[in-house]
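**Q** Here's a structure for you.
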Amino acid sequence: LTDIKHVLSVNPLRPEYQAGSGESHRGALVRESPTGRPSSRPSRSADGPSLEWVGFPEGLVEIGADGKGFTFDNERPRHRHFVEAFALASRPVNNGEITAFIADGGYERGELWLSEGWATAQERGWTEPFYWEKKDGEWWTYTLAGARPVEPEETACHLTYFEADAYARWAGARLPSEQEWEVAAQGLEIVGNMARRGRFHPEVAAPPQSDGRAEPSAGSLRQMFGDVWEWTRSQYSPYPGYQALPGTLGEYNGKFMSNQFVLRGGSCVTPDDHIRVTYRNFFPADAAWQFSGIRLARDAG
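Residue numbers (my numbering): 3 to 303.
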């Protein structure tokens, strides 16, 4: 569907793949800064559930697949990893927050970008996310249901790693490592806006997810699965003790372990039975055609 969307988007008629598949699903409206911190910068608030920080302690954790059920070789073996205390944003970044980034000159300020990212943005003329365009002073985006105005409270998508990293720096945060993401996701039910729902577009932040140990609270994580693949700051590389599978499965994963970053969690077009807590997707830093988005992280303390 990501390929179909791109093909349809370059058609001057902007045809629909599926009428109504990208309709806006509005939720409760709350004002909140994307970092949860006061700032002297222009307001970065946006309609949608407030962004809060969910903390996780330091410790030695186990990461990766345990060998039960089907997994790709890049998810194995399960191994130990030490994580420092960190906090993860309760929801992904939404369109309103990206609009604030644009308004504050986010695409014009080289100090926010990685060197390669800034060079790429300048060379390709990036001034807004992929599929966005401005019409009569209003931001529009192309969806599988055709073109429509950008909804501020919907989860932002089609962002490159370079854009995600620049936004995180602007917001006074960072991207999570894939180990931090997996620690946060362990124990959560794998439910969300995925392909079976048939919307094929990200939604407003869903109700908090429970890890089964306590009732969800206002600060619980939302949308860890579905909606958008979440960029991590982790380079796509083999786990300790990695062994490629024989045949084509091993050929697919092992040969791409260079110059790519890991994404986690699945998207609105991911088959519901295809995603796992340990699933590692990977793309180059300039890739935007996937439904890829941002979940912020920060060091604890």
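Think of the CB as a built atom: it goes at the ideal place given N, C-alpha and C, for glycine as much as any other residue.
1. Distance, Cα to Cα, E118 vs Y169?
2. If I follow the unbroken alpha helix (DSSP H) through E64, where does it start and stop?
3. Is the CB of L116 under 8 Å away from at least one CB in chain B?
4. In three-state terms, what does DSSP make of F202?
5. Rounding to the nearest angstrom, what Cα-Cα distance links G200 and T145 in this structure?
6. Which residue from F284, H203, A91 puts its Cα closest to that of F74?
7. By DSSP, does N97 sit in helix, in strand, or in coil?
8. Exposed or buried, what is I277 when buried is set at 16 or more other beta-carbons lying within 10 Å of its beta-carbon?
9. Is the CB-CB distance between P178 and R235 below 8 Å?
10. In the DSSP assignment, the alpha helix (DSSP H) including V185 goes from what residue to what residue?
11. Which word fits G303, buried or exposed, when buried means at least 16 other C-beta atoms lie within 10 angstroms of its C-beta?
12. For the putative contact between G268 and W231, defined by C-beta atoms under 8 Å, what is the C-beta separation to the nearest angstrom?
13. On the three-state DSSP scale, how would you describe H8?
14. Bridge partners for N283 per DSSP, in chain order?
**A** With the structure as the only source:
1. 15 Å
2. No alpha helix (DSSP H) holds E64; the beta strand (DSSP E) holding it covers 61-65.
3. Note that chain B does not occur in the displayed structure, where there is just one protein chain.
4. coil
5. 13 Å
6. F284
7. helix
8. buried
9. yes
10. 180-187
11. exposed
12. 7 Å
13. helix
14. L265
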